[in-house]
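Below is one structure; the comments refer to it alone.
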Amino acid sequence: MEIISKLSQLHKFSKPCVIALGTFDGLHKGHLDIIEAARAEAQKQDAMLAVFTFQNHPASFINPRLAPPALLSLKERQIALAHLGVDVLIEVPFDEELCSLTPEEFVEKLSQVGFSCLVIGENFTYGYKGSGNKESLARSADARGFKLITRSLVTEETSTVSSTLIRKQITSGEVAEAAKLLQRNYTLTGKVAHGQARGRTIDFPTANLELVDMHLAIPAVGVYAVNVEVGGKIYQGMANIGDNPTFGDVQNKRLEVNIFDFHEDIYEQEITVAFVKRIRGEIKFASAEELKKQLEKDKNICFHKF
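Heads up: the sequence shown begins at 2 in my numbering, then just goes up one per residue.
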């Protein structure tokens with residue numbers, strides 16, 4: 002997959018392309034619908050499949066205080082798009098240069114790649130202050146002679162699938178519900194850090210990930226059934242997000258993962274934790290022994306039901 006990271010790098014390819022346009026900040030069901038429609042059209046035309054999106058959420062430029070946490074890292078999105086068969090990823094910064102383009106200037110700039118078709122969601126906006134929409138893009142399609150495919154918003158039960166809804170679900174601990182909209186379990190990836198090693202003393206050793214600088218949506222505090230990827234292998238486990246109220250010596254929230262049937266030293270190694278279901282909230286126990294008894298119950302739930 003070719004990656005274009007600047008507007009100045011736009012160029013024509015060996016054959017025409019079909020471009021899926023969008024923020025694609027979560028690659029959820031709605032985003033996947035747009036990309037799948039673009040893929041089908043590309044196959045029909047024997048064209049290349051391209052995705053146009055941003056390196057940063059538009060809100061991070063317009064009003065950084067309102068920028069939402071990400072649902073996946075840029076690296077994770079690039080890997081996912083490559084797996085979806087995208088030939089070209091145009092992933093540019095949402096900055097002053099892009100923000101100042103009028104709708105017509107944006108289409109003109111994009112025309113440098115020689116696209117034959119654009120695919121958008123019905124709520125797509127573009128150009129200066131979002132002044133362009135599906136109607137203005139349809140007029141450009143008629144004037145310039147390219148095909149425009151507009152996809153309806155995807156719904157799940159009575160709700161429109163959106164990154165905003167998914168963030169709300171995740172931060173409320175509703176990770177199983179979020180997985181339905183993402184069509185995958187929500188994950189956090191990081192390097193295993195040293196903790197107090199207290200888990201070993203109660204037979205529940207944990208791999209600890211610091212959450213302070215992760216810039217991703219963090220599930221609500223509590224205990225979760227998880228799957229953990231370590232060195233390319235997947236293990237069952239359970240995880241706690243919180244500040245360890247039983248002992249009260251953790252300043253920032255952290256993710257502590259007990260990996261079932263795993264005994265390797267993985268300090269400083271990168272692991273990925275996939276959240277399957279929230280088991281319970283965080284509890285302050287009177288003693289380490291009470292905590293251990295509860296963890297045994299939690300493990301039984303995670304191991305046998307998920």
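Virtual Cβ for every residue (Gly too), placed ideally from N, Cα, C.
Residue range of the unbroken alpha helix (DSSP H) whose run includes residue i
i      : result
Ile171 : 164-172
Leu11  : Element bounds for Leu11: n/a, residue is neither H nor E.
Gln56  : Element bounds for Gln56: n/a, residue is neither H nor E.
Arg145 : 135-145
Ala1   : Outside the displayed span of the chain (2 to 307) sits residue 1, for which this structure offers no information.
Inter-residue CB distance, residue i and residue j (contact presumed, cutoff 8 Å)
i      : j      : result
Tyr225 : Phe276 : 5 Å
Phe286 : Gln295 : 7 Å
Ile381 : Ile219 : What the structure shows of the chain is the stretch from 2 to 307, and residue 381 is not part of that stretch, so it cannot be assessed.
Straight-line Cα distance separating residue j from residue i
i      : j      : result
His84  : Asn209 : 29 Å
Gly233 : Gln270 : 12 Å
Thr54  : Gln79  : 11 Å
Lys278 : Ile171 : 11 Å
Ser9   : Val155 : 33 Å
Ile63  : Asn301 : 47 Å
Lys293 : Arg281 : 15 Å
Glu109 : Asp244 : 52 Å
Asp96  : Ile167 : 25 Å
Gln56  : Gly131 : 18 Å
Glu157 : Ser112 : 35 Å
Ser15  : Glu42  : 17 Å
Tyr127 : Pro104 : 6 Å
Gln237 : Val227 : 6 Å
Within 7 Å, strictly: CB atoms of residue i and residue j
i      : j      : result
Ala68  : Ala60  : yes
Thr207 : Val274 : no
Asp26  : Ser164 : yes
Glu283 : Arg255 : no
Cys118 : Lys148 : yes
Lys13  : Gly115 : yes
Gly223 : Gly174 : yes
Val193 : Ile267 : yes
Val162 : Gly31  : yes
Buried/exposed call for residue i, threshold 16 Cβ in 10 Å
i      : result
Ala139 : exposed
Glu297 : exposed
Ala240 : buried
Asp88  : buried
Extent of the continuous beta strand (DSSP E) run through residue i
i      : result
Ser74  : Looking at the DSSP string, Ser74 is not in any beta strand (DSSP E), and its letter there is neither H nor E.
Phe276 : 271-281
Lys45  : Looking at the DSSP string, Lys45 is not in any beta strand (DSSP E); the run it does join, the alpha helix (DSSP H), is 30-46.
Val108 : Taken as a continuous stretch (DSSP letters only), Val108 belongs to no beta strand (DSSP E), being part of the alpha helix (DSSP H) at 104-111.
Check: residue i C-beta below 6 Å from any heavy atom of the ligand FMN
i     : result
Asn57 : Ligands displayed in this structure: none; no statement on the ligand FMN is therefore possible.
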